[in-house]
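Trainee: I'd like to ask you about the structure that follows.
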Amino acid sequence: MTRATRPVSRLPLALLPLILLPLIPLSACGPLVEIGGNTPRPDAVYTLSAAPPTAVPAGLTPIDLTKAVSVDTPTVPGALQTLRIPVIVSDTAIQYVQGAQWSEQPNRLFQRLLADLLVQSGRAVIDPGSSGQTAGRRLTGQLQAFGVDVRGSNKVTVRYDATLAGPGGIRQRRFEREAELSAVQGPQVAEALNGVANLIAADVAAWIASAP
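Read in order, the letters of the sequence shown correspond to residues 17 to 228 in my numbering.
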C-alpha cells in the first residue's frame, strides 16, 4: 500500500535573511547608546562664590524699580561654551585644565556672581522672567575671557564687555583683571578665577552706581 505524502512548502531563498535577522544578537551591532562618552570623570567640580558681605541689611526696604537692574547671562565665545577651564598656550592653540571643570558654564556662574555683588552693594536685582517686573536698568555683555593664559607667565584672565541700558541712555565699558598663578592645577586655577571674578563684579557694581 502506497502512503501519500504531503508536499513540503519551501520558502524562497530571498526571504531567509529577513527571517534570520532577528536572531542576530544585538551585541553584534555594537552599543546603541553611548553614555558618558570618552571624557574622563573630573577630579573636582568648581563654582564661583561671592565674598561674604561686610554688613547685612537690617530689614526689607521697598524696591524702586527705576533703579533696579536686570542682569542677563553674558554671551561667550566657543572656547567658553563648555564646563572645562581653557588654557591659552599660544595665539592659535587652546588646551584645558586636566581633571577640573565648572559646575555650570562659566557665563551662568558669572551672571549669578554679578547679581550677588549688586545686591550686596545695595542695588535691587530683578529677574523679569520670574517676577514679571521690568527693571529700570538692564545689564548685558560678553564674557570674552575666563581662564588661564600661559603665554609668558602663568596667570588667570577675566574680561567682561558690559553694556548698561537705562534712563541715561546706553553705556559700555570693558572690565579686565589678571592674577598670577602658582600652578596650572584645578584648585589653584578655580581659586584665582573666583578672586578675579569677584573683583570685576565689584567694579561693575561701582560703575552701575555711578550711572545717572
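Just so it is clear, CB atoms sit at the ideal spot from N, CA and C, and this is done for glycine as well.
Note that this is a predicted model, so its numbers are computed, not measured.
My guess is that G184 and V113 are in contact by the Cβ rule of under 8 angstroms, so how many angstroms apart are they, rounded?
Mentor: That belief does not hold up - the Cβ atoms of G184 and V113 are roughly 41 angstroms apart, past 8 angstroms.
Trainee: Smallest Cα separation from S169: which of A221, T108, I104?
Mentor: Cα-wise, what sits closest to S169 is I104.
Trainee: Which of the three DSSP states is assigned to Q149 in this structure?
Mentor: Q149: coil per DSSP, three-state reduction.
Trainee: Applying the criterion that 16 or more other CB atoms from any shown protein chain within 10 Å of the CB defines a buried residue, is R57 buried or exposed?
Mentor: Flag for R57 reads exposed.
Trainee: Assign Q97 to one of two classes, buried (16 or more other C-beta atoms within 10 Å of its C-beta) or exposed (fewer than that).
Mentor: The residue is exposed, with fewer than 16 neighbouring Cβ atoms inside 10 Å.
Trainee: Which residue or residues does DSSP assign as beta-bridge partners of E196?
Mentor: Note: E196 sits in a beta bridge opposite K171.
Trainee: Going straight from the alpha carbon of R154 to that of L180, what length do you get?
Mentor: One C-alpha to the other measures close to 6 angstroms.
Trainee: Just grab the DSSP bridge partners of T179 for me.
Mentor: According to DSSP, which records beta bridges pairwise, T179 is partnered with T156, Q188.
Trainee: Closest by CA to D88, which one among R190, L130, V164?
Mentor: Measuring from the Cα of D88, the nearest candidate turns out to be L130.
Trainee: Out of curiosity, what's the CA-to-CA distance linking L37 and V200?
Mentor: Low confidence applies here, because L37 scores a pLDDT of 43, under 50, leaving its location unreliable and the question unanswered by this model.
Trainee: Per DSSP, F162 is paired with what?
Mentor: Answer is V174.
Trainee: What does the alpha-carbon distance come out to for the pair I101 and D80?
Mentor: One C-alpha to the other measures close to 38 angstroms.
Trainee: Measuring alpha carbon to alpha carbon, tell me which residue in G211, V205, T91 is nearest R124.
Mentor: Of G211, V205, T91, the residue nearest in Cα terms is T91.
Trainee: Which class does P102 belong to by DSSP, given the choice of helix, strand or coil?
Mentor: DSSP places P102 in strand when its eight states are reduced to three.
Trainee: If you draw a straight line from the alpha carbon of V164 to that of S86, how long is it in whole angstroms?
Mentor: Their backbone Cα atoms lie some 29 angstroms apart in a straight line.
Trainee: Exposed or buried, what is T150 when buried is set at 16 or more other beta-carbons lying within 10 Å of its beta-carbon?
Mentor: Its Cβ having fewer than 16 others within 10 Å, T150 is exposed.
Trainee: When you compare each of R175, L99, I186 to E194 by their alpha carbons, which one comes out closest?
Mentor: The residue with the shortest Cα to Cα distance from E194 is R175.
Trainee: For V205, which residues in the same chain have their Cβ closer than 7 angstroms to its Cβ, ignoring the five residues on either side in sequence?
Mentor: Here the set comprises I101, V113, A116, V164, V172, L197.
Trainee: Quick one: give me the first and last residue of the alpha helix (DSSP H) that Q204 is part of.
Mentor: Q204 -> alpha helix (DSSP H) spans 202-225.
Trainee: Check whether the Cβ atoms of L99 and N210 lie closer than 7 angstroms to each other.
Mentor: Not closer than 7 angstroms, so no.
Trainee: Report the residue from A217, V166, A218, G182 whose alpha carbon sits nearest the alpha carbon of S106.
Mentor: Nearest of A217, V166, A218, G182 to S106, Cα basis: V166.
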